[in-house]
Every structure is written in C-alpha cells, then in structure tokens.
Amino acid sequence: MQLPLLLAGPVLRRVDAGLVAVQVMLSEPATVRLTVWEGRVAFDTTNPPFASSGDDPDPNAPTPHPGEATVRIGEQLHLGLVTARLPPASGKVFQSDRLYSYNLTITGAQNRTDLAELGLLGPHTVSGVQVGPLGYADRMLPSFALPPTTLDDLRLAYGSCRRPLYDDGDALAWMDEYLNEQVDDPRARIHQLFLGGDQIYADDVDPIMMLRVVELGVELIGTDGGVPVERVKVGQVLRRSPASTPTAADPTAAYTAETPQETTTAGDLPAGPPQFPIHDGRKGLTVDGRLGLTTVSGQLTSIDGKNHLISFGEFAATYVLVWSPACWGEEVPGATTSAGTAVRWLDSLGADEDVVLPTHVPPERVPQHLYASAAALAARAAKEAKKTDEDRAKEAESERRSRLRSHRVHREFLLGLGRVQRVLANVPTYMMIDDHDVTDDFFLNPMWRHRVLGTALGQVILTNGMLAYALFQDWGNDPRRYDPVTTPEHPELGGQLPGDLLDQAARLFPASTPGPDEDAFAALGRMFGHNLDNPLLPDGRFGAVDAPMTWHFTVDGPKHVVVALDNRTRRSYAAEIGPPGNVSTEALVDQIPRPPLPAGREVLVVIAPLQVIGPPVIDEVVARAIYRIFDLFTAGDLTDPESLAGDRRMPGTNPDALETWAFDAVTFEHLLARLAEHQRVVVLSGDVHNAASNVMSYWRGGQERPARIAQFTSSGFKNVMPVYLRALDRSAMLLQELLRAGLGVERLGWTRPDADLVLLPRDRTEADLVATTRAKLLRSPVLLATHGWLDDNEDGVEPDPELTSRLNPAKPPDWRWRVAPLLDGRADVDRPAPIRVTPLDDAQIEAQLADPATAFVAMQAVAGRHQAALGRMRNTRQMMFRSNFGICRFESGTDGEVTAVGEVHTSAVDPETQLPVLGPYMVHRASLGPVDESPPDQLRESVLRRVPIPEPEP
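So for the sequence shown, the working numbering puts the first residue at 15; every next one is plus one.
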C-alpha cells in the first residue's frame, strides 16, 4: 500500500513545567514544528501561541537534539520528537490546573501540512475504520493538563501487557471513553499515563498480523531492486545444492553450508520471508517458522517464538501498527478465503468460511535451523501416521476455527486503534520496558546473557529490540537526556551519550545500501552493554551490567514524584543459572532517590513493571511451586544431551512461570528499605496479567508508626493470567481463599546473624527446627517469617510463654513488615451493574433456614445468587482476570492522613441489558498514613492464619 505521511502519532510524551514533547512517525523526511496554546482551542484559533518549538532555546542548556528535524531510520521511516521549551529567562511555565492545546506543522520537501489538513480533527476513515476527531470535538486540537496543585485531584492512569492476539477487549481503547467524559476539566482528566511494559509482544505475533508486520517492515526500511535493504546476520547460511529439491521428510538435505567467504560475497540474508518465514499456525509443518532460529541459532528461550520479530523493520512496524490504524490497509496481505477472494481486515466472515494464509516456498539460501531436523520430522511423521482420518479432520477443523477467531480478534483490535491514537495524543505518556518488548524473557541469568550475545542472531534480535525501545518509547520519557551528543570538537564525550544513539541509528541503513552498517550496529550494541558480562561478586552472586545507556527516569508533579524502574537490563543474580534476578542493589541507588522528596511533594510513586508486593500466597507458594512444576514437565528438554536450545540445562527460567521479587530476598529487602525511607509510597505495576492490590506496613528499628507502601497492579490491557491460575479462581474460589489466608504476610529482619535472635520453647534447641529455618538463621540478612515456629503448649490449656517460640527482647529485629491484601469494600449498589450480585434479605434467609419446612427454599435462593455471580464477572473484590486499566488517585483526611485509591476499570456486558458498561469494577483503598499499627511481634506455629474480610462500606 501507499504509506501515509503520518505513520503513527501524534503521541504526547513528557510534559512538565518547562517542556512539552510530541512524537511522530513519518514516511518522509520533514521538519516538525510544535505550537502550544493556553486553553482548549480549535485549529483556527486567533489566540497568540503560548510556546513553540521554534522559540529561542535556553543558552545555558544543551541545544535540543535533533530539534525540529526528523531522524531518518529507513527509506520510509523518519522519527520526530519535537519539544516546546520554556527557558527560565522567559518567565513562563506550563501551569497546573489549566488546559493547553497543540498543533503540529509538518514541512516536507514538497508540501506543508498540519493536523487539520491531515484530516485528523474531524471524523475520518482510516484503513476502513471510522475514527473520531483527535481533539474529542470537531475542529478542536488535541489537549492536555499538567498534574494539579492539589493531590486529591491527581489522576494517574497505568497498565501494561497489550497483546493483539488475545481474545478480549483492548483496555487502552476503553480509556478513550473515560477521557472523553473528563476532557474539559483540567483537574479531573488523566494527567499522566504510564505504560508499564509489553507495549508490543515481539516474541508472540499472530500469523495473520505477522503478514502485515513483515510487509510493512520492508516498506519502512526500504528495498533495492525489489530486495530488502535490511539484512540479517545469522551464524550459518545454507545454500540449496544444484538440482536439489527440498522434501517434506528432510528439507535441509537439499542444502549445504556456505563458507564464510561465500556468505561475505553473497551478503547476509534479506529480512522477512522467504528466508525468515511466517508460521501459519498449522501443526506438523516442516518449517517451524522462527522458533528453531530463535531458540537454537539465537539461543533465546521464548517458547512462543514461531513468529518472533527479528529485523529492526519488523520491530518498528509493530509499534506503528499497535498505535495507529494508518498503516494496516484494508486487505490482509496474501490472505484469501477458501473461494480465493482477498480477505479484508474488517470482513465479517461466516462460521463456515476460512482464512487461507500463504505457504512457505523454500528459497535458494536459508539460515541454519530454519527447518526441523530429520529426526524431529521423522518423529512427527510417525505421530501423524497413527492418526485416523477422523483425527485429521478434527485437527483441520480446529485450525480453521482458530484462523477465523484470529481474524475476528484482529478485526476488533483494529476497530479500536483510532481511540488508542486519540488517548496517546491527549495524555502525557511515559513508557517503561518489560520482557515482551524484546523477547520473553531476556537477561534471565548470566548464562543466558553469555549464550544469546555469543550468537550473531541473538545480537541482532536484542540490538534491534533495544534500539526500537529507545526510539519509540524511551526517547519521549526524557527528551532532554538525548540532547548531549559527542562532536568532533569534544571527542572526550566518548560517543556513548543518548544523543549519540540517535546519530548511530540514522547511520544504520544508508539509502539503497544493504544494512545495517556494521560500525553503527556495533556501536549501538556497546551502548546497550552487549559487549559486557555480569561481574562475579565476592559472595558468589553476579552483579548487574553497567551499560552506558540506562532506562530509568523521573518525572515530578506539584504534589508527587514518579520514578520508573528498569526491571530488565540492570539485574543482579544469585547464581549463574536459575530463576531471574531483580534490579541490583547498586542500580537501585541510581533509580530511587534518597529522601526527602523536593519541597511540597507528598507521595513517591514508583513505576515497577514487575509487581513488587504481590499477593503473599502467590509470592511465597504458587510462584515457587510453578517454576519447579514447569521444570518437572520440561525436564527431558532441559537435560537432553542432544539439545541445542538456549534453555538447555537452565532450570527455573520457563517464561510461562511467575516472576516475583520475593525470589531474591537480598535485592527485595534492599528495595523495601529504600522505599520505606519515603514513608508514603505507591507502586504501580503490571506484568502478571491480573489486577490486584496489597499494602505493606514497614517498621525500622523501634519505629512506632510504619511507613506505608501501597501496591496497585493493573494488567493487562489485553492479556490475562495463565490458565492454571484462572482455573484456581474458578474452582470454588480456592485461590481467593488462599490469598486471604495470610500466608507469609509478615517478615522479621536482622542485618546479620546472631545467637538467640529467637527464644525457643523450654528444652528445645535449633536442632529441632526445620532445616530451612536453621539455614535462614545463618544467612545475612536474617529473614524470618512469623509462622512455622515450635509451640509445645497443649490445645485447650492456658498457654505457657516458656513453651512457645518468641522474639528475644534483648535482640529485637532491625526491621519488620506486614503485607495485607486489599478488598473492594463498596456496597453492591455502588458497583457497576454487571458485577452486582442478586440482592438477598438476610433476615428472611435466616428465618427460612431456621424452619425445616422452608430451609430448602433458602438454600435455593443462596445457590441462585452464587450462580448469578458466576455470570457477573465472578470474583472481583480482590483480583480481576480480564482486560483492564488502572487509575490511581488520592484522598486527604482532616487529620493529615492520605489514602491512595486504586481503581481498576474494565468493560463488561450487563446480563440484563446486554449493553457494555465501562467503569471501576474494583476499587481498593490503602492508607498511606500516618496510621497506628503495631509491628509483628508474635511467632506462631500454624502456617495459615485467616485475615478477616472487612464489612462492606455503608
């Protein structure tokens, strides 16, 4: 298709008192001017502009880089991040509690246009999709509001995990409805939006979307004589032997390995199919798509990588496609119906139709490991031979239905992209990396790093993924950071500044020349630390890689400070192999400021892609068990001596298992201590594909009033928790019961071991303790739970303190904490209609139960209520398992207490009206203090302790 000028955007990025940044992706080189007005205005306003990217820059600061000019990445990919800045000498600032509007003027070689002339400010059609005005009313410019001067007015939106192929609604598109209702009120509208990771799913693209991704990726970077300019370096290239034809039994037999000289002469393989084909979802194919390439040639560990992004063009195309409908086109590239007609994205296909995807045609040159091995193909053939005709027919029908479902899911996704584009244009948006933005997962442990970065293909995928993150996400988080650049006049700057990244990216793909440029690619890899290994520390742990490019950032408001943590690239590790680590203690020093916060700021807000404080039973039991269960089921693969895959002999790294900070107690406790210094903290997270909230009270030494840390998790925008946990949620609410049981909710900590930290019952010694507890008493720091201790008192007898385990008053803990799950305490009448339960008269039910003649009637009424609840989104007072977005706000009390409120919004169909209802289906409240709460000081024997469920609010 003919690409539009505006590939995606505008995306409103960092906004603070001295800067407004807007990001655009263009198909042509241009200069882009940003003009900002006070108030919410139309495009033809006669009001004087308040600020412009053309205003004189601050002479005391680095010159904005690259200013109003776009950065050429490919033939039809030109990226712009334009800023309007207010130097201190101007005497002006962008103020809170008022609205601002903006326009972009795009000047290319042949024309000049703006948002109005592009048709964005009125109803318009893009890729067949009806899209509303970008400014929420005809002729109105997009607008925004800065964080307000009153904490109670602040609205922070957050979410993560937006997976286009998942069969549920797109909560980022639903946010458009929420914003539309508040667009005129600078105090009520969303002030900051935090995308907490997995903005794309690089390792898990559906075949039908992949058709457009690979096509657009080539269009963006360019071609020379019809051959993609972008080339992909692999470890070994195979060339088809003369007169040989690949066979289904062993296609690789038709190829021979090229010598390095032959590969140098012929060049690296062109990006995209047929050298890097799409897997169409059918079973038993000779080509595994890209799974063998990524797991063997690239040593990655994602198990969903049959359509893994590889080239930079593919990464860029995916960002463009998930943020805007502009480049989808109307037809699915290469797809036909069973009747041979073209399939359109917006077709409503019948239940008996099919979507036929293109088949792979073996090319002359292929990467090694593209095709399954002869042994694997023989095993598949043997398995296939055992199937009956009925089995094959059922399998074919299942695959047909899967393709139809995929088309429907992507049709619905595309229909919502105009609303996504509008949200991103009207809310200051910040983005933090998580695993799927590159691959699932990366930098799992030092062995993973060594294996992947030791391969050519691994280097390609990680460098392309990180560069795409830098350009499409990180650049807009803090544009000032990208201003400094190394110049010939100042070579001492080293060439590894963020501004140098933009310059190296512009050198990757020279016009009509095969790329990437080797020097530019290598320089980018060094900036990302891909040439570095994790250092071995004296205690046997492995430290974080200290790469030149860092990804954490900070943004302030009048009453709050936000810090975003990088959970992925600055990890430390307990061992060379095993489960992933978390942010190293050294990196936390860089990422979390020391108190106090700047004057007037009341709350520290932390954006942590990986949930810090999870439901205790999941952190303590479920997650640890799941890693071991996955290792058990995949033990054959992990230990297979013939395996060449990246996960061989690497237990604890299955990407479908749960991650948790609790796995690495050292870094976890360091993080908590650093957060607790700020007294009032809110952590906003995603990643886990469910929504839930918890609150921690943290005492240091003899502190009477604890610091309070509220954890609000909203996940995902378009992805839900693995089926094994959703099954628990549906099974007699077992998961809910476990979550409320209080397992592992308290911790006692000492900086170092010492004798008699815990006094044991009379005549008992440490030899009577279980081995794990004895080991904990010897570690630094000493971290002990309050359950699982010896108690020799008999049941029903007044307990004797000398027969219980107890803390030694002479050696009290250096710190203590307690975690409690949060529940939605609202009355049913205050919750959205689709979630309200059937009302019952409690007094009448009690009376009926007391009379044998009517007891069965009462039981029927109660059972009917439970049955109705299962049809109304099931259990959502504590956890939510469906697409959602989060809103964090605050309430201040007259006594100085501040309460953080976490709203989880979703859309559900009311069973009675059959209409969708968007609203806060779960609301959790966490006091940030000051609160009067006693620290944990009692040791108990039982593992489980019930946590009372609060009564609904009146």
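Ideal Cβ placement from N, Cα and C applies to all residues, glycine included. Being a predicted model, the structure only gives us computed values, none of them experimental.
Quick one, which of R954, V696, E683 and R778 has its alpha-carbon nearest W831's? E683
What's the gap between the Cα of M154 and the Cα of E506? 48 Å
Which residue's Cα is closest to the Cα of D294: T765, Y192, A390 and L418? Nearest of T765, Y192, A390 and L418 to D294, Cα basis: L418.
When burial is assigned at 16 or more other CB atoms within 10 Å of the CB, is F456 buried or exposed? buried
In the DSSP assignment, the alpha helix (DSSP H) including M461 goes from what residue to what residue? P460 to V466
Return helix, strand or coil for T266, following the three-state DSSP convention. Helix, per DSSP.
Tell me the rounded alpha-carbon separation between A857 and L821. 46 Å
Classify D844: buried if its beta carbon has 16 or more other beta carbons within 10 angstroms, exposed otherwise. exposed
Contact between the stretch 727-736 and the stretch 169-188: three or more CB pairs below 8 Å? yes
P813, buried or exposed, once every other Cβ within 10 Å from all chains shown has been counted against 16: exposed
Is any heavy atom of the ligand SAM found at a distance shorter than 6 Å from the C-beta of A331? Annotation note on the ligand SAM: not contained in the displayed structure, which lists no ligands.
Coil, strand or helix - Y641 by DSSP: Any reading at Y641 is ruled out, since the residue's pLDDT is 49, under 50, leaving its predicted position unreliable.
Compare the C-alpha of T800 against each of V811, D777, I292 and V759 and name the closest. V759
T564 to W489, Cα distance in whole Å? 11 Å
Starting from P24, follow the beta strand (DSSP E) in both directions and report where the run begins and ends. L20 to D30
When you compare each of S416, F726, R896 and V569 to H703 by their alpha carbons, which one comes out closest? R896
Rounded to the nearest angstrom, what separates S745 and V336 at their Cα positions? At S745 the pLDDT is 48, less than 50, meaning the model places this residue with poor confidence and gives no usable figure here.
Enumerated in chain order, which unbroken segments of the beta strand (DSSP E) with a length of 3 residues or greater are wholly contained in the stretch 564-642? Segments of the beta strand (DSSP E) lying fully in the stretch 564-642: 567-570, 574-578 and 617-624.
Does M445 pass the burial test, meaning 16 or more other C-beta atoms within 10 Å, or should it be called exposed? buried
With the cut-off set at 7 Å, would you say E413 and R296 are in Cβ contact? Yes, the Cβ-Cβ distance between E413 and R296 is below 7 Å.
Against chain D, with Cβ distances strictly below 7 Å, would Q206 count as a contact? The structure shown contains no chain D; it holds only a single protein chain.
Are V369 and H424 close, meaning C-beta to C-beta below 7 Å? no
Measure how close the beta-carbons of E947 and P720 come, nearest whole angstrom, since I'm counting them as under 8 Å. 6 Å
Based on DSSP bridge pairs, tell me the residues matched to N708. Q725 and P835
Roughly how many whole angstroms lie between the Cα atoms of V508 and T500? It should be noted that the sequence gives Gly, not Val, for residue 508. Rounded to the nearest angstrom, the two C-alpha atoms are 7 Å apart.
Buried versus exposed call for H58 [16 or more other C-beta atoms within 10 Å across all chains shown]: According to the sequence shown, residue 58 is Asp rather than His. Exposed.
Quick one, are the C-beta atoms of S728 and V576 less than 7 Å apart? no
Going by beta carbon distance, what residues of the same chain come within less than 8 Å of V25, once the five residues before and after it are set aside? V36, Q37, V38, W337, L438, A439, T443 and G490
Would you kindly report the start and end of the unbroken beta strand (DSSP E) that includes T97? L91 to R99
Measuring CA to CA, which of Y935, L929 and L774 is closest to G839? Y935
Between Y192 and L932, which are expected to be in contact by the criterion C-beta below 8 Å, what is the C-beta distance as a whole number of angstroms? 7 Å between Cβ atoms; contact.
Let me know the secondary structure DSSP gives Y215 once reduced to three states. coil
DSSP state of A558, grouped into three classes? coil
What span of residues does the beta strand (DSSP E) with R974 cover, start to end? Here the chain covers residues 15 to 968 and nothing more, so residue 974 does not appear.
Evaluate the contact criterion for the stretch 689-697 versus the stretch 609-620: three or more CB pairs, one atom per stretch, below 8 Å. These segments touch.
Would you say R54 and L113 are within 7 Å of each other, going by their C-beta atoms? The answer is yes: Cβ separation under 7 Å.
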